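What follows is a short report on a single structure.
Residue numbers (my numbering), protein chains in the order written: chain A, 60 to 527; chain B, 60 to 527.
Rendered as structure tokens:
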């Protein structure tokens, strides 16, 4: 009788089935600060949906957990292999299959990186607008986590760009969903259900992504404010003004100090303003016309001055791109500073001040430091939590998530639940919805082999599979 | 032992439980040209999600089919009551519960009409951007069918506006999904799954809808072209130009004649142009600034002239609103002209010419007249089919749907499958996906009481329930 590894080797050949010392430590983990690393029993490198289907059939036969992996840049442990399991790594499925200019879509394999896609679509004057802050991230991972990022306030998140998928169910069946169109009412929307399901419903092998005209002109406005609350009050006014910011972020004083120090960034802010500013608003506007951009900047500047900005800086191009890049790398600054966990609760954007007030109380109460920045335009608050005591850390997290939920928010805006946030998600979510989600999971994956332990189900003690 | 009607009466009181002659004929049907009308055994008029839950519990106890109904303006028989069933009519749940200006959302009950919502949000300088062409349509029905309409090319369809729901499952459980935010990765997206499921997964009792700044300035450009194919070729160029049309429609010559005649509309098009034009492009632009609007019109005019327009007319405001309204009422013009069926296949927008060529062949082949207009910007082609022979009509429909599917499209862009298109949908869709959809249906509605016969399942012969 053949073992699972032997069957996989017969399917893919020895070069595309890795075990033991052949498995790189890179494949043990993602960027999560807290997830336990696991070496997968076997790494499979498929070339097609048919091969993924065959891998899943073998895994199903042997009762092995299957985790899919793109670039491993996730932040919630969602692609960390399960004990004893099969890791499907998509590094050999990284082709851009088509750029369809007339329909303004790209068709990509899951291993394609954001940087790779951007380079190609730029040549056509187009843009794929999701920038989750890590351009080595894979589209497959972006689809699995419904990745967001700073431009979501204008363009929406990954789910708004995914028009169709090819995916393999837990049954091994390969399905195609959606198509090169934005509208359809023809049965249930399987595309939207799979997006953001973190590899627990299906393994995505191809995605049809929406593209947009690339705007040639952009400008970045930086405005220090006395408090985050003032910024949060200003944000709805900016959205209502119609200038349609591409980016609308806040950065608290501590985070600003950390990210500017990490990059030696000098933004030319006077000492008196620096002294008074507890938070910074960053707005990026874009336009196809430079004259309109100038008008919009002026309108925005006037507006935020009346809304209490201590000053308004239109950043030179270099400083602007440095600041945005530094903001994108805020996670790494937090990590370098010794953060014990990073979270990304979402609340209604007008509730950010109340939420941050609650967070301050929790931080005080537990003797923790909690600093942050966030996508102010869509209520997605990124917090770095500094608390070395594990029990207290759990208390901070549960408190913050509960505060977000009480304000009508959700545990994660874009990182996902993964394995890291599962206990909090399960504790705070309505049991009727959890039971419904488990039934949906079973509809896609009757044996529960797809990424068990992520999102919904704790790994059962009885599952002690081995691929060897 | 109490009957179902007696239990419903005990729950709601006699005034909100209608049977026999109390049931208006309006509740027997929607606007579908082909659906069989059914008098429901009983009409229930709930005031709350709790009452809907109790109604569903009673229906479940007696094995009665439950169909939800808004304004009955659907076009695919989706809200036509099932034989022997309970109709939940939402005319007494028609309150706008909240306009949250800072978060730019409305919270509405399912019986709220588009007109009612528009009047209220307009006072706040906001707009709910879905205009499916019938302002008496209810938001509950719009959510159920994922309604689209002409503005989808800019704003997307209903699913892009629905941020959260309150809904009652087939188990009677009441759940709340999503919230006042556009992004979340916290479990499966139940909101998006319920939107467009045509009342077969859950009965929606509340919706959180996204609003946008209302643009004060708009202009309508009408351009006759030699052929629809030329228009379809022009459309991607217009989208790429960045002028971001709010409306981007084509109307074929026959449809134009019908809708202008129906309203006595005179657009000032010269005789020679009229002679040469087989199709018309209609573009509506909007802006917050009148100067920018003028620039955009000029840029658009230049562009479509180079793309082959026979002429370019910027319509006076009155003629513009008359034309758009006439286009919105195209369905009624087709109905008045004796159309036997109307359909709304979606294809990738660049494939519209190929699709229409296939449609012409099918029309010729079957001796049918098929005319149309459509949302050129998003590939959603509305066709009126004139063919009185039922067998031939079925042949036309199957052929057209199959042609759309072969080009990567879907049966319906916005009307839905309902009962009318079910046989075609079931015949053309991948059996693996249908089986998956049935398992999802069971996850929401284990006894199959929610709108059976719509979308997926034929009514079984064994189901012969009665509420009396």
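Backbone N, C-alpha and C fix where the C-beta goes; we use that ideal spot for every residue, glycine too.
All values reported here derive from a predicted model rather than from experimental measurement.
Close-in-space but distant-in-sequence residues of the same chain around residue i (CB under 6 Å, 5 per side omitted)
i: residue 412 of chain B; result: 288 and 291
i: residue 315 of chain A; result: 339
i: residue 305 of chain B; result: 210, 213, 343 and 345
i: residue 235 of chain A; result: 225
Any C-beta of chain B under 7 Å from that of residue i
i: residue 347 of chain A; result: yes
i: residue 522 of chain A; result: Caution applies to residue 522 of chain A, whose pLDDT of 47 falls short of 50 and renders its modelled position unreliable; the value that the coordinates give is listed next. It does not; no Cβ of chain B falls within 7 Å.
i: residue 247 of chain A; result: yes
i: residue 295 of chain A; result: yes
i: residue 213 of chain A; result: no
i: residue 407 of chain A; result: yes
i: residue 352 of chain A; result: no
i: residue 92 of chain A; result: no
i: residue 132 of chain A; result: no
i: residue 272 of chain A; result: yes
i: residue 162 of chain A; result: yes
Check whether residue i and residue j have beta carbons under 7 Å apart
i: residue 339 of chain B; j: residue 275 of chain B; result: no
i: residue 118 of chain B; j: residue 125 of chain B; result: yes
i: residue 240 of chain B; j: residue 360 of chain A; result: no
i: residue 271 of chain A; j: residue 188 of chain A; result: yes
i: residue 405 of chain A; j: residue 469 of chain A; result: yes
i: residue 261 of chain B; j: residue 228 of chain B; result: yes
i: residue 206 of chain A; j: residue 130 of chain A; result: no
i: residue 238 of chain B; j: residue 467 of chain A; result: yes
i: residue 421 of chain A; j: residue 458 of chain A; result: yes
i: residue 144 of chain B; j: residue 257 of chain B; result: no
i: residue 142 of chain A; j: residue 88 of chain A; result: no
i: residue 208 of chain A; j: residue 192 of chain A; result: yes
i: residue 429 of chain A; j: residue 440 of chain A; result: no
Whole-Å CB distance - residue i paired with residue j, under 8 Å assumed
i: residue 147 of chain A; j: residue 127 of chain A; result: 5 Å
i: residue 169 of chain B; j: residue 294 of chain B; result: The pair is not a contact, with the Cβ atoms about 34 Å apart (cut-off 8 Å).
i: residue 281 of chain A; j: residue 382 of chain A; result: 7 Å
i: residue 167 of chain A; j: residue 218 of chain A; result: At roughly 16 Å, the Cβ-Cβ gap does not stay under 8 Å, so residue 167 of chain A and residue 218 of chain A are not in contact.
i: residue 311 of chain A; j: residue 337 of chain A; result: 7 Å
i: residue 487 of chain B; j: residue 464 of chain B; result: 5 Å
i: residue 70 of chain A; j: residue 108 of chain A; result: With 8 Å as the limit, residue 70 of chain A and residue 108 of chain A do not qualify as a contact, their Cβ atoms being about 14 Å apart.
Residue i at chain A interface by Cβ criterion, 7 Å
i: residue 304 of chain B; result: no
i: residue 209 of chain B; result: no
i: residue 240 of chain B; result: yes
i: residue 169 of chain B; result: no
i: residue 287 of chain B; result: no
i: residue 492 of chain B; result: yes
i: residue 176 of chain B; result: no
i: residue 513 of chain B; result: no
i: residue 232 of chain B; result: yes
Close Cβ partners of residue i (< 7 Å) along its chain, the five nearest in sequence each way excluded
i: residue 521 of chain A; result: With a pLDDT of 44 at residue 521 of chain A, under the threshold of 50, the predicted position of this residue should be treated as unreliable, and no value is reported.
i: residue 302 of chain B; result: 344, 355, 358 and 359
i: residue 286 of chain A; result: 337 and 338
Span separating the alpha-carbon of residue i from that of residue j
i: residue 115 of chain A; j: residue 100 of chain A; result: 15 Å
i: residue 140 of chain A; j: residue 202 of chain A; result: 18 Å
i: residue 171 of chain A; j: residue 204 of chain A; result: 15 Å
i: residue 317 of chain B; j: residue 213 of chain B; result: 27 Å
i: residue 308 of chain B; j: residue 190 of chain A; result: 32 Å
i: residue 378 of chain A; j: residue 279 of chain A; result: 9 Å
i: residue 455 of chain B; j: residue 388 of chain B; result: 24 Å
i: residue 512 of chain A; j: residue 478 of chain A; result: 6 Å
i: residue 269 of chain A; j: residue 163 of chain A; result: 6 Å
i: residue 121 of chain B; j: residue 62 of chain B; result: 9 Å
i: residue 198 of chain B; j: residue 150 of chain B; result: 12 Å
i: residue 448 of chain B; j: residue 425 of chain B; result: 10 Å
Check: residue i C-beta below 6 Å from any heavy atom of the ligand GDP
i: residue 372 of chain B; result: For the structure depicted, the ligand GDP is absent and the ligand set is empty, with no information on it obtainable.
Own chain partners of residue i with C-beta closer than 8 Å, once the 5 adjacent residues on each side are dropped
i: residue 452 of chain B; result: 399, 400, 427, 444 and 446
i: residue 300 of chain A; result: 358, 359 and 362
i: residue 81 of chain B; result: 102
i: residue 326 of chain B; result: 281, 319, 372, 374, 378 and 382
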